[in-house]
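Just so you know, the sequences run in chain order U and G.
Here the first sequence is numbered in the UniProt record's numbering, starting from 1 and rising by one per residue.
Here the second sequence is numbered in the UniProt record's numbering, starting from 1 and rising by one per residue.
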Amino acid sequence: MKYAYYPGCSLHSTGTEFDESFKAVCQSLGIELEEVPGWLCCGTSPAHSTSRLLSLAMPMKNLVLAERTKLEEMVVPCAACFSRFKIALYEIGEDEELRKDVDEVVGSSFQGQIHVIHPLEMFDRVDSGTLRSHVKRDLSDLKVACYYGCLLTRPPKAAQFDVCEYPVTMDRVLQSVGIPTVDWSYKTECCGGVFSLTETDIVLKLVNDIFNEAKAVGADAIAVACPLCHANLDTRLTEIEEKYGVDYGNMPTFYFTQLMGLAFGLSHKELALGKHIVNPEPLLRERVPA
Amino acid sequence: MNESTIGLVTPTSELARAFKLESGVDVNLCFQCNKCTAGCPTSYAMDYTPAQLIHAVRLGLDDLILHSKTMWMCAACETCTTRCPQDVDIAKVMDAAKIIARRRGIQPPVPGVASFYRSGLTTIRLFGRMYEVGMMMMLKMLTRDFFKDMGLGMKMMRKGKLKMLPSLSLGRTIATWRLFSRVKKKEKRVTR
Ligand code: SF4
Ligand code: SF4
Numbered sequence: 001m002k003y004a005y006y007p008g009c010s011l012h013s014t015g016t017e018f019d020e021s022f023k024a025v026c027q028s029l030g031i032e033l034e035e036v037p038g039w040l041c042c043g044t045s046p047a048h049s050t051s052r053l054l055s056l057a058m059p060m061k062n063l064v065l066a067e068r069t070k071l072e073e074m075v076v077p078c079a080a081c082f083s084r085f086k087i088a089l090y091e092i093g094e095d096e097e098l099r100k101d102v103d104e105v106v107g108s109s110f111q112g113q114i115h116v117i118h119p120l121e122m123f124d125r126v127d128s129g130t131l132r133s134h135v136k137r138d139l140s141d142l143k144v145a146c147y148y149g150c151l152l153t154r155p156p157k158a159a160q161f162d163v164c165e166y167p168v169t170m171d172r173v174l175q176s177v178g179i180p181t182v183d184w185s186y187k188t189e190c191c192g193g194v195f196s197l198t199e200t201d202i203v204l205k206l207v208n209d210i211f212n213e214a215k216a217v218g219a220d221a222i223a224v225a226c227p228l229c230h231a232n233l234d235t236r237l238t239e240i241e242e243k244y245g246v247d248y249g250n251m252p253t254f255y256f257t258q259l260m261g262l263a264f265g266l267s268h269k270e271l272a273l274g275k276h277i278v279n280p281e282p283l284l285r286e287r288v289p290a
Numbered sequence: 001m002n003e004s005t006i007g008l009v010t011p012t013s014e015l016a017r018a019f020k021l022e023s024g025v026d027v028n029l030c031f032q033c034n035k036c037t038a039g040c041p042t043s044y045a046m047d048y049t050p051a052q053l054i055h056a057v058r059l060g061l062d063d064l065i066l067h068s069k070t071m072w073m074c075a076a077c078e079t080c081t082t083r084c085p086q087d088v089d090i091a092k093v094m095d096a097a098k099i100i101a102r103r104r105g106i107q108p109p110v111p112g113v114a115s116f117y118r119s120g121l122t123t124i125r126l127f128g129r130m131y132e133v134g135m136m137m138m139l140k141m142l143t144r145d146f147f148k149d150m151g152l153g154m155k156m157m158r159k160g161k162l163k164m165l166p167s168l169s170l171g172r173t174i175a176t177w178r179l180f181s182r183v184k185k186k187e188k189r190v191t192r
């Protein structure tokens, strides 16, 4: 199987662990990726807070570029990029005038020959027997809370991803590789995303609520599918513990692809586990047989 | 006295029409159930709740809305839009409020957030991709808060998660520049 691959800006910088571990897992499964040549930023929140037309034109420009690969699907790991693509497709699908404006700005028209999917959907399609047959490490002692965040599932009219208030795709994929996941009520709560660098207090409050709940349901770690969620959860933990006088015992936040890779027996280096701010090694030493 | 002299309450305020034009959203569908507000993760930090903001647009209270903190404190989490029983796209109204306020030259009451968007968009326009270090430096210049998160930034740099230099490509820069200038031209035509 071969997919067009849109990494987005974060996966080339703050979310490089996601990029590395995603590619490594794809390689294990024999999935080929072709990076969209000349891709641009999706525009993300700076664009949609400034100009609606720009916020639609940037994803559509990228889709036009992706279409040239002649592949059927484009896989987009960053939940924020994924959302901008899905929203753009939805909005121009609803409004013919808008579509014409966007086409004019982009300079060509998207033909709808390529579909946008998230890696979770891609791995969910691989049958669980195949996933299981790749497992080389026993992770059955590691209890994980799957945290989907906002943008994978919302708004459902555009995202069309799982059940929007209680998704289970990530749970299913991780369970298929032998990782137990917990039921909890914070799967799709907001981490404060865009406020990380400016209104940090909001992030600290929201992320504290998330860790608090994860701890309460007995999770050892959190799994995410979004570089913004990862940044907020991984980089702010110590500050949160200080501010709220709590102790989450250095609970690490993994990209779900890193956990898949661990189960597949890939090395910590291949999965860029050393790049986290919260060091996951003590937990892994304790729970994962060498 | 006839209808024109008593200042009729029109079914759609001037402002509601401006919001419709900007975002495609009809705020008049709102029946004030407050579901949007109940699920909003940041409403505690807003001066008007999302439902109040929507109602104020209906009533045409320009000053109240465009000077409010509400849209700047919106995290764009899309919970409100997802749950509104009347299918009002509240998140899009929040964007439209930012855009209209900026167009009317109103100083944002939460300058840090506005500066973040501005710095982010500037690096995207220049390089075609987000350049985090450049964005952070510009943000620091704009907010004059030079020491915030310095330690964290250094740590991330050491781990290779922040790149000192932007990723450069002439083709990409030209493609982006074209996109931005066409958007600008088109918007001038529409909003004049
Ligand atoms: S959820 Fe919808 S109908 Fe209810 S108050 Fe909010 S905008 Fe109005
Ligand atoms: S999109 Fe904004 S207004 Fe709506 S629930 Fe999220 S933070 Fe609140």
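Note that beta-carbon positions come from the ideal geometry of N, C-alpha and C, so glycine has one too.
All values derive from a computational prediction rather than experimental measurement.
At what residue ranges does the UniProt domain "Cysteine-rich" (3 to 85) of chain U contain a whole run of the alpha helix (DSSP H), taking only runs of 4 or more?
-> 8 to 11, 16 to 29, 44 to 48, 52 to 67
Check whether the Cβ of C77 (chain G) lies closer than 8 angstroms to any Cβ atom in chain U.
-> To locate residue 77 (chain G), count along the second sequence from 1; it is residue 77. With 8 angstroms as the cut-off, C77 (chain G) counts as an interface residue toward chain U.
Measuring CA to CA, which of G:D89, G:R118, G:S115, G:F127 is closest to K20 (chain G)?
-> Locating residue 20 (chain G) in the second sequence gives position 20, where the first residue counts as 1. It is G:D89.
Simplified DSSP state of T253 (chain U), which is helix, strand or coil = Along the first sequence, one-based indexing puts residue 253 (chain U) at 253. The answer is strand: DSSP assigns T253 (chain U) an E or B state.
When burial is assigned at 16 or more other CB atoms within 10 Å of the CB, is D47 (chain G) buried or exposed?
-> Here residue 47 (chain G) refers to the residue found at position 47 of the second sequence. By the 10 Å Cβ count, D47 (chain G) comes out exposed.
Cα-Cα separation, T257 (chain U) to T12 (chain G) | As a first step, residue 257 (chain U) is located in the first sequence; it is residue number 257 there, counting from the start. As a first step, residue 12 (chain G) is located in the second sequence; it is residue number 12 there, counting from the start. Taking the straight line from one Cα to the other gives about 50 angstroms.
What runs of the alpha helix (DSSP H), each 4 residues or longer, lie entirely inside the stretch 82 to 150 of chain G?
-> 90 to 103, 111 to 127, 132 to 143
Using the beta-carbon of each residue, find all residues closer than 7 angstroms to any heavy atom of ligand 2 and list them in chain order.
-> U:C190, G:C36, G:G39, G:C40, G:P41, G:T42, G:S43, G:P50, G:C74, G:A75, G:A76, G:C77, G:E78, G:T79, G:C80, G:T81, G:I90, G:A91, G:M94
Start and end residues, beta strand (DSSP E) containing V224 (chain U) = Here residue 224 (chain U) is taken as the residue at index 224 of the first sequence, counted from 1. Here the beta strand (DSSP E) through V224 (chain U) covers 221 to 224.
Can you name the residues that DSSP bridges to H115 (chain U)?
-> Against the first sequence, residue 115 (chain U) aligns to sequence position 115. Paired residues: U:E73.
Would you report the Cα separation of M58 (chain U) and L40 (chain U), rounded to the nearest angstrom?
-> For this step, residue 58 (chain U) is matched to residue 58 along the first sequence. For this step, residue 40 (chain U) is matched to residue 40 along the first sequence. When rounded, the distance between both Cα atoms is 7 angstroms.
Consider the C-beta atom of V88 (chain G) and the heavy atoms of ligand 1; say whether any pair is separated by less than 7 angstroms.
-> The count along the second sequence starts at 1 and reaches residue 88 (chain G) at position 88. Under cutoff, so the answer is yes.
Measure from the C-beta of I124 (chain G) to each C-beta in chain U and report whether the shortest distance is under 8 angstroms.
-> Within the second sequence, numbered from 1, the residue matching residue 124 (chain G) stands at position 124. So, interface residue.
Where K61 (chain U) falls, given that 16 or more other Cβ within 10 Å makes a residue buried | Taking the first residue of the first sequence as position 1, residue 61 (chain U) is located at position 61. The residue in question, K61 (chain U), is buried, as its Cβ has 16 or more Cβ neighbours within 10 Å.
Beta strand (DSSP E) segment containing Y147 (chain U), residue limits = One-based indexing of the first sequence puts residue 147 (chain U) at position 147. 144 to 147 is the extent of the beta strand (DSSP E) around Y147 (chain U).
Taking buried to mean at least 16 other C-beta atoms within 10 Å of its own C-beta, is D124 (chain U) buried or exposed?
-> In the first sequence, residue 124 (chain U) corresponds to position 124, counting from 1. Burial call: buried.
Contact belief for L65 (chain U) with P37 (chain U) at Cβ below 8 angstroms, rounded distance in angstroms = In the first sequence, counting from the first residue as 1, residue 65 (chain U) sits at position 65. In the first sequence, counting from the first residue as 1, residue 37 (chain U) sits at position 37. 7 angstroms between Cβ atoms; contact.
What in chain U is Cβ-close to T42 (chain G), meaning under 7 angstroms?
-> For the purposes of this step, residue 42 (chain G) is taken as residue 42 along the second sequence, with counting starting at 1. Under the 7 angstroms cutoff, chain U gives I202.
Measuring CB to CB, does residue 262 (chain G) end up less than 8 angstroms from C30 (chain G)?
-> Here chain G comprises residues numbered 1 to 192, so residue 262 (chain G) is not present and cannot be evaluated.
CA nearest to the CA of V116 (chain U), picked from U:Y5, U:L273, U:L228, U:L237 = As a position in the first sequence, residue 116 (chain U) is number 116, starting the count at 1. Closest by alpha carbon: U:Y5.
Contacting residues, own chain, Cβ-Cβ under 8 angstroms from R287 (chain U) (five flanking each side not counted) = Counting from one through the first sequence, the residue named residue 287 (chain U) turns up at place 287. If we look at R287 (chain U) and ignore the five residues flanking it on each side, its Cβ neighbours are L139, D141, L142, D220.
Could you say if the stretch 18 to 25 of chain U and the stretch 253 to 267 of chain U meet the contact criterion of at least three C-beta pairs nearer than 8 angstroms?
-> yes
Buried or exposed (CB count within 10 angstroms, at least 16 for buried), A290 (chain U) | Here the question's residue 290 (chain U) lines up with position 290 in the first sequence. Classification of A290 (chain U): exposed, given that the 10 Å Cβ count is below 16.
Rounded to a whole number of angstroms, what is the C-alpha to C-alpha distance between L151 (chain U) and L59 (chain G)?
-> Locating residue 151 (chain U) in the first sequence gives position 151, counting from the first residue. Locating residue 59 (chain G) in the second sequence gives position 59, counting from the first residue. About 31 angstroms.
DSSP state of T181 (chain U), grouped into three classes?
-> Here residue 181 (chain U) refers to the residue found at position 181 when the first sequence is read from its first residue. Correct three-state label for T181 (chain U): strand.
Would you check whether ligand 1 has a heavy atom nearer than 7 angstroms to the C-beta of P85 (chain G)?
-> Numbered from 1 along the second sequence, position 85 holds the residue referred to as residue 85 (chain G). Yes, Cβ of P85 (chain G) sits closer than 7 angstroms to a heavy atom of ligand 1.
D127 (chain U) (DSSP reduced to helix, strand or coil) | Working through the first sequence from its first residue, we reach residue 127 (chain U) at position 127. It is coil, neither helix nor strand.
At what residues does the alpha helix (DSSP H) containing Y244 (chain U) begin and finish?
-> In the first sequence, the residue the question calls residue 244 (chain U) occupies position 244. Start and end: 237 to 244.
Are the C-beta atoms of Y117 (chain G) and some chain U residue less than 8 angstroms apart?
-> Start at 1 with the first residue of the second sequence, and residue 117 (chain G) comes out as number 117. Chain U contact via Cβ: present.
How about C226 (chain U): is its Cβ closer than 7 angstroms to a heavy atom in ligand 1?
-> Start at 1 with the first residue of the first sequence, and residue 226 (chain U) comes out as number 226. No, Cβ of C226 (chain U) sits at least 7 angstroms from all heavy atoms of ligand 1.
Between which two residues does the alpha helix (DSSP H) containing A158 (chain U) stretch?
-> Position 158 of the first sequence, counting from 1, holds the residue named residue 158 (chain U). Element bounds for A158 (chain U): 156 to 159.
Tell me whether the beta-carbon of T176 (chain G) lies closer than 8 angstroms to the beta-carbon of R125 (chain G).
-> Position 176 of the second sequence, counted from the first residue, corresponds to residue 176 (chain G). Position 125 of the second sequence, counted from the first residue, corresponds to residue 125 (chain G). The answer is yes: Cβ separation under 8 angstroms.
Terminal residues of the continuous alpha helix (DSSP H) containing E165 (chain U)?
-> Residue mapping note: residue 165 (chain U) aligns to position 165 of the first sequence, counting from 1. Counting along the chain, E165 (chain U) falls outside any alpha helix (DSSP H), and DSSP gives it neither H nor E.
Consult DSSP for G171 (chain G) and reduce its assignment to one of helix, strand or coil.
-> Start at 1 with the first residue of the second sequence, and residue 171 (chain G) comes out as number 171. Correct three-state label for G171 (chain G): helix.
Bounding residues of the alpha helix (DSSP H) (the contiguous stretch that carries T200 (chain U)) | Here the question's residue 200 (chain U) lines up with position 200 in the first sequence. Where T200 (chain U) is concerned, the enclosing alpha helix (DSSP H) stretches over 200 to 216.
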